[in-house]
Structures are given as C-alpha cells and as structure tokens.
Amino acid sequence: MCMGPMADVWTFLTKKIHNQRTVKKIRGNLLWYSHQESPEAGRRRELEAALTRVQAEIGEMDLSLELAEREAVAQDMAQELTLKQIRDAQGKALLLQARAAAARRQHRGLRDRTQRLQGQLSHLQDMERKAKASVAFGPPAPVLLGLEPDVLQEVMRVCSQRTQFLQALLTPHSDPRTLTTQDDLFATTHRQWFSEMEVLMASHPPAHILGALEHLAARQTAELQMLTARWDGETQRLQQEDASEPPVLPSLVSLIQEGWRAIGVLTSKRGPLLQQGQALAERLQGLMKEVAQRVTGPQEARQALSLGLQVVALQATRSSLRAQCRSLKEEAERRQQELWELQAKRQRIVSWRQRVVSRRRLAGR
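Structural data, given as structure tokens:
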C-alpha cells in the first residue's frame, strides 16, 4: 500500500496525520493483513490448480471410460461372434459325428454282408468241389452200415426220423391232459428233424442227396418186390392147397332155405313168448285183484297197497331206464372219445402243416 498505486494515498495520510505511532500501527496492521492474505491466495491458487488437474484427470478418465466402454462393446460383439462360430462348429461337429456313426454302421453292415457272402461263396465252392467227386452207392441190396457212403447214412437217418414223427403224429392218445405235452413233443421232434435236414443240405451237394434218395428208393422198391414175391408165392401155395381140396360152398337156394328156417324158428319162439307175457300180465292182474279182495280194512289200507304196487312198478321202470341211460351214456362217451381222438389227430396234422408252411416261407426269404 505504501508503494505502487497506493503510494499517494499513503503519502497523504502521513502528511495529514502526524502521529508516528498510529502510522506505525496502521503499517503493522497492513503488513499483517498482507501477510495473512498471501497464504490464502496461494492456497486458493493451489486449490484452483488442483481443481484444474482434477478436472483434467476427470476428463481423461471420462475419455478412458468411453474408450473402455467402446472396447467392451467391441469385445462383446466379438464374443457373440465367437460363440456363434463355436455353436456352428459344434453343430457341424455333431453332424459330422452322426454321419461318421452312420458310415461306421453302414461299413459294419457291408462288412458283415461281405463276410456272409464270402462264407456262402466258400460253401458253394466246397459244394462244387464235392459235386465233382462221384459217389458209388453200390447195389440196391442193403450192406453193412460202415460200408455205405456218409450221405446215404445221413439220408437214411433223416428219413427214419421223418417216419417216426409221422407215426407219432397219427397215433391217437386217449388222455386229454397230455395234449399240450404231446404238441410240445411234436414241435421239438419237427425242429430236430428240420435242423437235421438243414445240416444235411449244407453238408452235401444236391446231386449226391438226390442220388442217395434214388438209391434208397430203389432199395425200398427191391425190398417191396421181394416181399410181394414172397406174398404171391404164399398165396399161390394156399390157393393150390385149397384147389386140391373139393370146394364145399353152399348154394343160393340152401342159403335162402336156411334163412327161412331161422325166421321160422324165431317166429315160433315169438308166439310162446307173447303168450307167456300175456299170461304173466293176466296173472299179475289176478293177483292184484285177489290181494285187493283179501285186504279187509279201511279205504286207506287199500289205497296204501295200491300205491305200494305202483311204487314197485315205478321202481322197476326206473331201474330199466337207469340201465338204458347207463348204456346210452357209455355209448356217448365212447363216441365222444372217438370224436376227440379224431379232432386231436386233425389238430396235430393242421399244426404240423402250418409249421411246415411257415418254415418254407422263412427258408424262401
């Protein structure tokens, strides 16, 4: 205040006021106030500078936050794009895995089919090699079992099983409770025969099996011819023995006369029997009248006697009817048993035919 623009004011004051003490006090006060004001101004300036720095830092932080937000948005978009690419890649991987599994299954199916075809091819080649070899069956006459070819022995065994199966199928069984067991036994026997037949067809060529069947048929024909010749010889021998004896055959007239004689005998027996029956009926009526006359007493006693005679007659009639019912029941049971046996035989034949048809269909597939 003493210098600069306020110097004139200070000079005026010092000139006008001639109190050195007051001047010194005022000067001290001015110096003290100026000293007190200088730190606040510096602090204000420091605060202003700090505020400026803070504002600059806030601006930089806002800018960095905006840049971070932009980077975050860009990263989110990049992550979404990456996730989409990952999902697409996973879908493609699953599709490729499914295609690979289908290709493996197809490969296994083709491999199994190839192996099966190779097995069939090798089997056909083996059959072709066996078919080229000739089999000598020998004469139709039966020989020892060990000297016959294997194909002939197997054909004979299969034919024997077939014959046994048909015999068991056509044999009637009287017990109805064994029907299920018999059907199971027939089914098992038929499966065994069919499996033996499949083994035979797979083990030998068709030409050898046909030759074995023809040889077996020729053998059976020779045996039948031998048995027929033996039967014809026996028949001729019996005819010759019968021809050596004089034939004693009754004539038609004698047969008619014998029949009329039998009818006459029966007619002659019928008359006495009718007379005897009539006599017994008349005697019964007479006895009933005699009993009715001899019975003396009230009317209830006579009625009781009459009722007793009627009861005896009804009991005799009932016994006769019971005997007739028993005979009719036995005849009905016998007919029912015959009917059941025929139905069971028919059912076995139908079931066997159905099994054969189903087997043929499965074999055709």
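For what it's worth, the numbering used here labels the leading residue of the sequence shown as 1, then goes sequentially.
Cβ coordinates follow ideal geometry from the N, Cα and C atoms, glycine included.
- Counting only the Cα atoms, A187 lies some 20 Å from W340.
- Here the stretch 155 to 171 does not lie against the stretch 103 to 113, with fewer than 3 beta-carbon pairs under 8 Å apart.
- Two segments are said to touch when three or more pairs of C-beta atoms, one from each, lie closer than 8 Å; by this definition the stretch 216 to 232 does not touch the stretch 191 to 207.
- Counting only the Cα atoms, E331 lies some 45 Å from S195.
- Within the model, the alpha-carbon separation for T317 versus S327 is close to 15 Å.
- Taking the Cα positions, L200 is about 12 Å away from A212.
- In summary, P205 is buried, with 16 or more beta-carbon neighbours lying within 10 Å of its beta-carbon over all protein chains present.
- If only complete runs of 3 or more residues are kept, the stretch 174 to 223 shows no beta strand (DSSP E) anywhere.
- Residue environment analysis places R44 among the exposed positions, since fewer than 16 neighbouring C-beta atoms fall within 10 angstroms of its C-beta.
- At a cut-off of 4 residues, not a single continuous stretch assigned as alpha helix (DSSP H) sits fully inside the stretch 73 to 126.
- If you draw a straight line from the Cα of V291 to the Cα of R283, it is about 12 Å long.
- If you draw a 10 Å sphere on the C-beta of I209, you find 16 or more other C-beta atoms in it, and that means buried.
- Inclusion of L169 and W352 in the CB contact set at 8 Å is warranted, their separation being smaller than that value.
- Rounded to whole angstroms, the gap between the alpha carbons of R53 and E69 is 24 Å.
- The C-alpha of Q303 lies about 21 Å from the C-alpha of A281.
- The beta carbon of R116 lies closer than 6 Å to none in the same chain, with the five residues before and after it left out.
- When C-alpha distances from V155 are compared across G119, L96, L216, the shortest belongs to L216.
- Per the coordinates, the alpha-carbon of Q97 lies some 14 Å from the alpha-carbon of D88.
- Contact between V151 and M197 does not hold, since their C-beta atoms are separated by about 13 Å, which reaches or exceeds 8 Å.
- About 6 Å separates the beta carbon of L309 from that of M288, a gap short enough to meet the 8 Å contact definition.
- Inclusion of A207 and A131 in the CB contact set at 8 Å is warranted, their separation being smaller than that value.
- One alpha carbon belongs to A229, the other to Q236, and they sit about 10 Å apart.
- Distance from the CA atom of D126 to the CA atom of Q167, rounded to whole angstroms, is 36 Å.
- Counting of Cβ neighbours within 10 angstroms places R348 among the buried residues, the total reaching 16 or more.
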